[in-house]
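Numbering (my numbering), first residue to last: 202 to 494.
No residue lacks a Cβ here, since even glycine has one placed at the ideal position from N, Cα and C.
Since we're looking at a predicted model, the values are computed, not measured.
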């Protein structure tokens, strides 16, 4: 339904410059890549999740997110630009999938995309990020997942564990990251506390790591209660970037490109136009001045 001139109802307090869109639309995906390149962004982590309800039982290859990832591969084939993709495996941590399903879904992601030149690799290994790695699964579950992947012939996979900065994680994973932080810690100091945990474990166990940055948070249209971390016209974003760069990480990951429901996106919108494209370009240029990691 329309809620204003040229504005349809949505689950976000922000409204995309492109209008409400389908992430399987090649023209939308092409514009996303062009904006990202303008911002100095080198690739997208692609959320692979399945919402609750009847669709939670469908094969991962039939999901909206999988099909949009396939569409993005075709867009990159057409554009012929240097831009990387990486699956961020997600649903298992929400719904407590059995190990067998996790093995099958990760295997499907790898089989479908391993031969594409557009995907991120770590020391030659196809890379998969995971969200809330230990949210509903144990060390033993993940040991069985790794064994199951090897049995499927998936030995060359680098799995980056999310929200998992704990001693011994290097026995099962090749890297560490975190999507974001709790909203009550959504400050430069709150993010720095997260970085401290990740960096300490990653350096001790010789793991790859990626530190998150974010512009703000606004879940008033989606969450109950509606929580907010004010953007401050980009000042919060800049301050969090400064904290992240101080740790000299190999990667910085931005939360997010287009998570509209939580109001963390940097994609252009009616409210702040292309402000975060411009801010990100300036910050990314500084980050990359140090050369190859």
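Beta-carbon within less than 8 Å of residue i's beta-carbon, same chain only, minus the 5 sequence neighbours each way: which residues are those?
i           : result
residue 407 : 371
residue 359 : 322, 323, 324, 326, 327, 328, 329, 375, 376, 409
residue 433 : 417
Please identify the residue among the options whose C-alpha is closest to the C-alpha of residue i.
i           : options            : result
residue 339 : 362, 431, 351, 314 : 362
residue 440 : 417, 429, 462, 336 : 417
residue 356 : 336, 368, 327      : 327
residue 467 : 211, 210, 205, 215 : 215
residue 261 : 448, 312, 223      : 312
residue 279 : 318, 258, 247      : 318
residue 304 : 316, 462, 290      : 290
residue 207 : 471, 475, 491      : 471
residue 405 : 367, 456, 451      : 367
residue 337 : 298, 353, 354, 320 : 298
residue 246 : 268, 349, 320      : 320
residue 451 : 492, 233, 465, 430 : 492
residue 268 : 232, 310, 455, 461 : 310
residue 266 : 388, 287, 488, 334 : 287
residue 352 : 218, 433, 307      : 307
residue 236 : 458, 487, 465, 464 : 458
residue 249 : 270, 442, 302, 478 : 270
residue 490 : 231, 238, 446, 479 : 446
residue 333 : 220, 314, 453, 294 : 294
residue 453 : 244, 220, 233, 231 : 244
residue 315 : 232, 354, 485      : 354
State yes or no: is the beta carbon of residue i nearer than 8 Å to at least one beta carbon in chain C?
i           : result
residue 435 : Structure shown: chain C not included; a single protein chain is present.
Excluding the 5 residues flanking residue i on each side, which residues of the same chain have their C-beta closer than 6 Å to its C-beta?
i           : result
residue 343 : 373
residue 482 : 240, 241
residue 428 : 384, 420
residue 251 : 257, 264, 292
residue 473 : none
residue 403 : 377, 410
residue 469 : 218, 475
residue 437 : 417
Grab me the residues of residue i's own chain with a C-beta within less than 7 Å of its C-beta, minus the 5 sequence neighbours each way, in chain order.
i           : result
residue 379 : 363, 364, 395, 399, 413
residue 476 : 435
residue 300 : 342, 345, 346, 349
residue 448 : 396, 400, 412
residue 444 : 389, 392, 393, 396
residue 213 : 422, 461, 462, 464
residue 222 : 229
residue 238 : 282, 284
How close, in whole Å, do the beta carbons of residue i and residue j come, if the pair is a contact with beta carbons under 8 Å?
i           : j           : result
residue 415 : residue 456 : 4 Å
inquiry  = For the structure I just gave you, are there three or more beta carbon pairs, one from the region 413 to 431 and one from the region 373 to 389, closer than 8 Å?
reply    = yes
inquiry  = Extract the residue ranges of the beta strand (DSSP E) inside the region 324 to 379, only unbroken runs of 3 or more that lie entirely within it.
reply    = 326 to 331, 358 to 363, 376 to 378
Cβ contact check for the region 215 to 231 and the region 263 to 281: 3 or more pairs under 8 Å = yes
key: beta strand (DSSP E) runs wholly inside the region 414 to 455, at least 3 long, in chain order   = 452 to 455
inquiry  = In chain order, what are the residue ranges of uninterrupted alpha helix (DSSP H) at least 4 long that sit wholly in the region 246 to 331?
reply    = 265 to 280, 292 to 296, 300 to 314
request  = Give, in chain order, every unbroken run of the beta strand (DSSP E) that is at least 3 residues long and sits entirely within the region 373 to 412.
outcome  = 376 to 378
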